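Trainee: Using our numbering, you'd call the opening residue of the sequence shown number 3 and step up by one each time.
Backbone N, C-alpha and C define an ideal beta-carbon position, used for all residues, glycine too.
None of the values given here were measured: they were computed from a predicted structure.
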Amino acid sequence: MQNDHGIPDGRLLARTDDHVELELFLPESSDFFDGHFPQFKLLPAVGQFEIVTRLARSHFKLKNGITHIRRMKFSSPIFPNSRLLLTMDLDRKKHTVTFSLADFLDRDKLYSSGIFSATEAIAEAT
Numbered sequence: 003m004q005n006d007h008g009i010p011d012g013r014l015l016a017r018t019d020d021h022v023e024l025e026l027f028l029p030e031s032s033d034f035f036d037g038h039f040p041q042f043k044l045l046p047a048v049g050q051f052e053i054v055t056r057l058a059r060s061h062f063k064l065k066n067g068i069t070h071i072r073r074m075k076f077s078s079p080i081f082p083n084s085r086l087l088l089t090m091d092l093d094r095k096k097h098t099v100t101f102s103l104a105d106f107l108d109r110d111k112l113y114s115s116g117i118f119s120a121t122e123a124i125a126e127a128t
C-alpha cells in the first residue's frame, strides 16, 4: 500500500493534454508535517517534490519514474492548512515537466518551481 501522506489529489481547475492546474489543500494532519521542525511545521522540499511528481505521473500518465531534476527552486515555506495552486506543463519532445507551486489566493507568492525529466518515460498522447 502506497502512503499518500494525507494529500488529496486536489481540485482540477484547467486541463489540456500538456497543461494542468490544480488547487491543493495541505492539511495539518498530513504526515509530511510530522517531525519536520515540530514547533514550526512546514512542508519539506522533498514533500513538495513528491506531491508534484505524484500528480504529474497521474495527470500526464507518465510510464515510469523521474530520471533527472534539471532545476528546482524553493522560494517560500509552505505551512499546514495552506491552499496552493499547482501548475504543470508537459513538453513531450523534451520529455520534461515544468511546474510551479504558488499561493492559491495570492498567485504572485511562489513557493517552489522547477523542471524535471522523465526521459523515455512519457506516455504518448491519447
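Around the C-beta of THR55, are 16 or more other C-beta atoms found within 10 angstroms, so that it is buried, or is it exposed?
Mentor: Counting from 1 along the sequence shown, the entry for residue 55 is found at position 53. Counting Cβ neighbours within 10 Å, THR55 comes out buried, since at least 16 surround it.
Trainee: Under the rule that 16 or more other beta-carbon atoms within 10 Å means buried, what is GLN50, buried or exposed?
Mentor: Counting from 1 along the sequence shown, the entry for residue 50 is found at position 48. Counting Cβ neighbours within 10 Å, GLN50 comes out buried, since at least 16 surround it.
Trainee: Whose C-beta lies closer than 8 Å to the C-beta of PRO79 among residues of the same chain, with five residues either side of it excluded?
Mentor: For the purposes of this step, residue 79 is taken as residue 77 along the sequence shown, with counting starting at 1. Only LEU44, LEU45, TYR113 meet the Cβ criterion.
Trainee: For SER84, tell me which candidate among PHE34, LEU26, LYS75, HIS97 has the shortest Cα-Cα distance.
Mentor: In the sequence shown, the residue the question calls residue 84 occupies position 82. Closest by alpha carbon: LEU26.
Trainee: So the candidates are HIS7, ASP20, PHE39; which of them puts its Cα closest to the Cα of ASP33?
Mentor: Mapped onto the sequence shown, residue 33 falls at position 31. Minimum Cα distance to ASP33 is reached at HIS7.
Trainee: Going straight from the alpha carbon of PHE62 to that of PHE81, what length do you get?
Mentor: Here the question's residue 62 lines up with position 60 in the sequence shown. Here the question's residue 81 lines up with position 79 in the sequence shown. In a straight line, the C-alpha of PHE62 is about 27 Å away from that of PHE81.
Trainee: Which residues bound the alpha helix (DSSP H) around GLY37?
Mentor: Your numbering for residue 37 matches position 35 in the sequence shown. Careful: GLY37 lies outside any alpha helix (DSSP H) and carries neither H nor E.
Trainee: Just list the beta strand (DSSP E) runs in the stretch 42-99, keeping only unbroken ones of 3 residues or longer that don't cross its boundaries, in chain order.
Mentor: Those beta strand (DSSP E) runs which fall completely within the stretch 42-99 and span 3+ residues are 70-76, 84-93.
Trainee: Do you know offhand how far HIS97's Cα is from ILE68's?
Mentor: In the sequence shown, counting from the first residue as 1, residue 97 sits at position 95. In the sequence shown, counting from the first residue as 1, residue 68 sits at position 66. Cα to Cα, HIS97 sits roughly 10 Å from ILE68.
Trainee: Measuring alpha carbon to alpha carbon, tell me which of THR100, ASP108, GLU30 ends up nearest HIS21.
Mentor: For the purposes of this step, residue 21 is identified with residue 19 of the sequence shown, where counting begins at 1. Minimum Cα distance to HIS21 is reached at THR100.
Trainee: Which same chain residues, not among the five before or five after LEU86, have their C-beta less than 8 Å away from its C-beta?
Mentor: Here the question's residue 86 lines up with position 84 in the sequence shown. Contacts found: GLU25, LEU26, PHE27, LEU28, ILE80, LEU103, ALA104, ASP105, PHE106, TYR113.
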